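Visitor:
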Amino acid sequence: MTSHQVSPGGPLKGRVQVPGDKSISHRVLILAALAHGESRITGLSNGQDVLCTLAIIEALGAQVAYDGEVLVINGGTLVSPPETLDVGNSGTGMRLLAGLLAGLGIEATLDGDASIRSRPMDRIIDPLTAMGAVMASADGQGHAPLTISASTLAGIEYVMPVASAQVKSAVLLAGLNAQGPTTVREPSISRAHTEELMAACGLEVNVEGLSVTVQPGQPQAFTHQVAGDPSQAAFWAVAAATVDGSAVVIENVYQGPARTGFVEVLKRMGADLTHDPVSGDLTVCSGPLVATTVTAAEVPGLVDEVPVLAIAAACATGTTVFEGLAELRVKESDRLATVEAMLVTLGAQVEVAGDQMAVTGGRLTGGLIETHRDHRIAMAGAIAGLVASGSTRISDWDAVATSYPNFGQDLAMLQSADV
Ligand code: S3P
Numbered sequence: 000m001t002s003h004q005v006s007p008g009g010p011l012k013g014r015v016q017v018p019g020d021k022s023i024s025h026r027v028l029i030l031a032a033l034a035h036g037e038s039r040i041t042g043l044s045n046g047q048d049v050l051c052t053l054a055i056i057e058a059l060g061a062q063v064a065y066d067g068e069v070l071v072i073n074g075g076t077l078v079s080p081p082e083t084l085d086v087g088n089s090g091t092g093m094r095l096l097a098g099l100l101a102g103l104g105i106e107a108t109l110d111g112d113a114s115i116r117s118r119p120m121d122r123i124i125d126p127l128t129a130m131g132a133v134m135a136s137a138d139g140q141g142h143a144p145l146t147i148s149a150s151t152l153a154g155i156e157y158v159m160p161v162a163s164a165q166v167k168s169a170v171l172l173a174g175l176n177a178q179g180p181t182t183v184r185e186p187s188i189s190r191a192h193t194e195e196l197m198a199a200c201g202l203e204v205n206v207e208g209l210s211v212t213v214q215p216g217q218p219q220a221f222t223h224q225v226a227g228d229p230s231q232a233a234f235w236a237v238a239a240a241t242v243d244g245s246a247v248v249i250e251n252v253y254q255g256p257a258r259t260g261f262v263e264v265l266k267r268m269g270a271d272l273t274h275d276p277v278s279g280d281l282t283v284c285s286g287p288l289v290a291t292t293v294t295a296a297e298v299p300g301l302v303d304e305v306p307v308l309a310i311a312a313a314c315a316t317g318t319t320v321f322e323g324l325a326e327l328r329v330k331e332s333d334r335l336a337t338v339e340a341m342l343v344t345l346g347a348q349v350e351v352a353g354d355q356m357a358v359t360g361g362r363l364t365g366g367l368i369e370t371h372r373d374h375r376i377a378m379a380g381a382i383a384g385l386v387a388s389g390s391t392r393i394s395d396w397d398a399v400a401t402s403y404p405n406f407g408q409d410l411a412m413l414q415s416a417d418v
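Note that numbering that gives the first Met the number 0 gives residue 344 to position 345 of the sequence shown, counting from 1, and the numbers run on in steps of one.
What follows is the structure, given as structure tokens:
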């Protein structure tokens, strides 16, 4: 489909507002659909993933109105949808909505694109069926489409085998319509949006260390202003750090648990970067970077930022090692393979062994990057193209709309800002 050419570019300057956080956007839509009365949301992500979830809650009976600024959702009574629910490319949509639907006492089928149909859903089918959900995967192997039938749920204590906020959230959402409390224990901390937002809309949630317990209940209608998405901010942070002469302010970036691991890694690499605790503004200026080690324990806090951090590593002095990357194999693409291939194309030195990747900094040449329709590979490739010596072409450029439809315009704006 559409490919896109990026040429080596001059400095990036000025201020940029990234889309509202994608993870928070999915969750506010789902909680607003469950809540009786009028919830008011501003700053929702305009990415296609989130628009799919918005269309799904409408198909389930939530009433949605948008005045160009505030999204007003009237929820509370959800019904069986007439058609299959299409999550598009969104693993978060698929898994969280499965959790929502499991306890609603209605029948619905969730499906998505080719990437979604290849991603493991057994990680939510197992705990949800343990709660009493009736779910069938079309191929019987834990892949979408998934059909969920009416059943009653009982709360469980679930020890998660993988650190996944999506799995945690699916189980907690199902727990709202279960009998008795539901507890999820994570192997390490993952993003905490579900428990934060549940508490903010009056639900009884208790967090103790790595365990989260939710009591059954219905959220109260709420007002929420979605903060900027750190995962999108990471692209501009790496661009500003690596393109000589750059100085960029990324406005109002969310800075809660398990989302800003990339800030710590870039700081360790010597980046000139500050994250204002009050405004959330992330200010990044260019400068030399040095290699670091990203440990397995850090990965859940920067799991989506590995593609662009790999570009930072390819521009740094020395060899950066990323450990514990197994989960990248089951993202929108096999991201360990697509990141490796991207770096090879760009002329960087990269070695992948098991779940570990070592990237040695050097000169990037450019080339044709195959994104496999993975939005984060497309955007990381575009940032690499700015520092490469030759030109870089990126396949399936339209995939950036999955999470950041205005990425190309924002890049042009930062390149042309006269400050
Ligand atoms: C997300 C959690 C992460 C992340 C995804 C969004 C979420 O996945 O990769 O893009 O919103 O909960 P896992 O929790 O499965 O690692």
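Positions of the beta carbon are idealized from the N, C-alpha and C atoms, including for glycine. Being a predicted model, the structure only gives us computed values, none of them experimental.
What do you get for D373, buried or exposed, if any count of 16 or more other CB atoms within 10 angstroms of its CB means buried?
Guide: Under this definition D373 is a buried residue.
Visitor: Say whether the segment 188-203 touches the segment 254-264, bearing in mind that this needs 3 or more beta-carbon pairs closer than 8 Å, one atom from each stretch.
Guide: In short, these stretches touch, since the Cβ pair count reaches three.
Visitor: G90 to Q165, Cα distance in whole Å?
Guide: When rounded, the distance between both Cα atoms is 8 Å.
Visitor: Could you compute how far the alpha carbon of L288 sits from the alpha carbon of V264?
Guide: L288 and V264: Cα-Cα distance of roughly 11 Å.
Visitor: Spatial neighbours of G360 within its chain, please: C-beta separation below 7 Å, excluding the five flanking residues on both sides.
Guide: If we look at G360 and ignore the five residues flanking it on each side, its Cβ neighbours are A290, A312, A313, C314, A315, T316, G317.
Visitor: Using beta-carbon positions only, say whether R392 and S114 come within less than 8 Å of one another.
Guide: Cβ atoms of R392 and S114: not closer than 8 Å.
Visitor: May I have a chain-ordered list of the beta strand (DSSP E) segments no shorter than 3 residues that lie completely inside the segment 106-172?
Guide: As far as the segment 106-172 is concerned, its whole beta strand (DSSP E) runs of at least 3 residues are 107-110, 133-136, 145-148, 156-158.
Visitor: Ordered along the chain, which non-local residues of its own chain (more than five positions away) have a Cβ less than 8 Å from that of S390?
Guide: So the list reads Q4, V5, S6, P7, G365, G384, once near-sequence residues are dropped.
Visitor: Using alpha carbons as the reference points, say which of G13, N45, I23, Q62 lies closest to L33.
Guide: The residue with the shortest Cα to Cα distance from L33 is Q62.
Visitor: Which ranges does the alpha helix (DSSP H) cover as unbroken runs of at least 4 residues, wholly within the segment 241-325, from first to last along the chain?
Guide: Here the runs fully enclosed are 260-267, 305-313.
Visitor: Just the C-alpha distance for L145 and H274, rounded to the nearest angstrom, thanks.
Guide: Going from the Cα of L145 to the Cα of H274 covers about 41 Å.
Visitor: Looking at the structure shown, is L419 part of a helix, part of a strand, or coil, going by DSSP?
Guide: Outside the displayed span of the chain (0 to 418) sits residue 419, for which this structure offers no information.
Visitor: Label R362 either buried or exposed according to how many other C-beta atoms from any shown protein chain fall within 10 Å of its C-beta, with 16 as the threshold for buried.
Guide: Exposed.
Visitor: Please state the DSSP three-state secondary structure of S187.
Guide: Three-state DSSP puts S187 in coil, outside helix and strand.
Visitor: Give the secondary structure of R372 by DSSP, where H, G and I count as helix, E and B as strand, and everything else as coil.
Guide: Correct three-state label for R372: coil.
Visitor: When you compare the CB positions of K21 and S38, do they come within less than 8 Å of one another, or not?
Guide: Their beta carbons are not under 8 Å apart, which means K21 does not touch S38 by this criterion.
Visitor: Quick one: measure Cβ to Cβ for I382 and M341, integer angstroms, because I've assumed they're closer than 8 Å.
Guide: Actually they do not touch by this definition, with Cβ atoms about 11 Å apart.
Visitor: Under 8 Å: do the segment 70-89 and the segment 102-121 share three or more Cβ pairs, one atom per stretch?
Guide: As far as the Cβ criterion goes, the segment 70-89 touches the segment 102-121, which means the pair count is three or higher.
Visitor: So, using beta-carbon positions, are E304 and S230 closer together than 8 Å?
Guide: Their beta carbons are under 8 Å apart, which means E304 touches S230 by this criterion.
Visitor: I want to see whether chain B comes within less than 8 Å of L265, judged by CB atoms only; does it?
Guide: No chain B is present in this structure, which holds just one protein chain.
Visitor: Leaving aside the five residues before and after Q16 along the sequence, list all residues of the same chain whose C-beta is less than 6 Å from its C-beta, in chain order.
Guide: Here the set comprises E250.
Visitor: Using only the alpha-carbon positions, how far apart do N405 and L413 sit?
Guide: Cα-Cα distance, rounded: 12 Å.
Visitor: So V329 is in the alpha helix (DSSP H); what residue range does that whole segment cover?
Guide: Element bounds for V329: n/a, residue is neither H nor E.
Visitor: Quick one: what's got a C-beta closer than 8 Å to G243's C-beta in the same chain, skipping five residues either side?
Guide: Rather than Gly, the amino acid found at residue 243 in this sequence is Asp. Excluding positions up to five away in sequence, the list reads P10, S285.
Visitor: Say whether the segment 162-179 touches the segment 207-226, bearing in mind that this needs 3 or more beta-carbon pairs closer than 8 Å, one atom from each stretch.
Guide: Yes: at least three Cβ pairs fall under 8 Å.
Visitor: Report buried or exposed for Q47, applying the criterion of at least 16 other Cβ atoms within 10 angstroms of its Cβ.
Guide: Under this definition Q47 is a buried residue.
Visitor: Between H142 and R94, what straight-line distance do the alpha-carbon atoms span, to the nearest angstrom?
Guide: About 11 Å.
Visitor: Say the cut is 7 Å; is the CB of Q165 nearer than that to a heavy atom of ligand 1?
Guide: Checking every heavy atom of ligand 1 against the Cβ of Q165, one is found closer than 7 Å.
Visitor: Could you compute how far the alpha carbon of E203 sits from the alpha carbon of V183?
Guide: Straight-line Cα distance between these residues: approximately 14 Å.
Visitor: What does DSSP give as the partner residues of V17 in its beta bridges?
Guide: Paired residues: none, contrary to the question.
Visitor: Does any heavy atom of ligand 1 sit closer than 7 Å to the C-beta of E203?
Guide: No; taking the cut-off as 7 Å, the Cβ of E203 has no heavy atom of ligand 1 nearer than that.
Visitor: Any heavy atom of ligand 1 closer than 7 Å to the beta-carbon of D112?
Guide: Not under cutoff, so the answer is no.
Visitor: Alpha carbon to alpha carbon, how far is H25 from S187?
Guide: Going from the Cα of H25 to the Cα of S187 covers about 22 Å.
Visitor: At a cut-off of 7 Å, would you count H25 as near ligand 1, judging by its Cβ distance to the nearest heavy atom?
Guide: Flag set: Cβ of H25 near ligand 1.
Visitor: Would R334 be called buried (16 or more neighbouring beta carbons within 10 Å of its own) or exposed?
Guide: Buried, because 16 or more other Cβ atoms sit within 10 Å of the Cβ of R334.
Visitor: What do you get for P299, buried or exposed, if any count of 16 or more other CB atoms within 10 angstroms of its CB means buried?
Guide: The residue in question, P299, is buried, as its Cβ has 16 or more Cβ neighbours within 10 Å.
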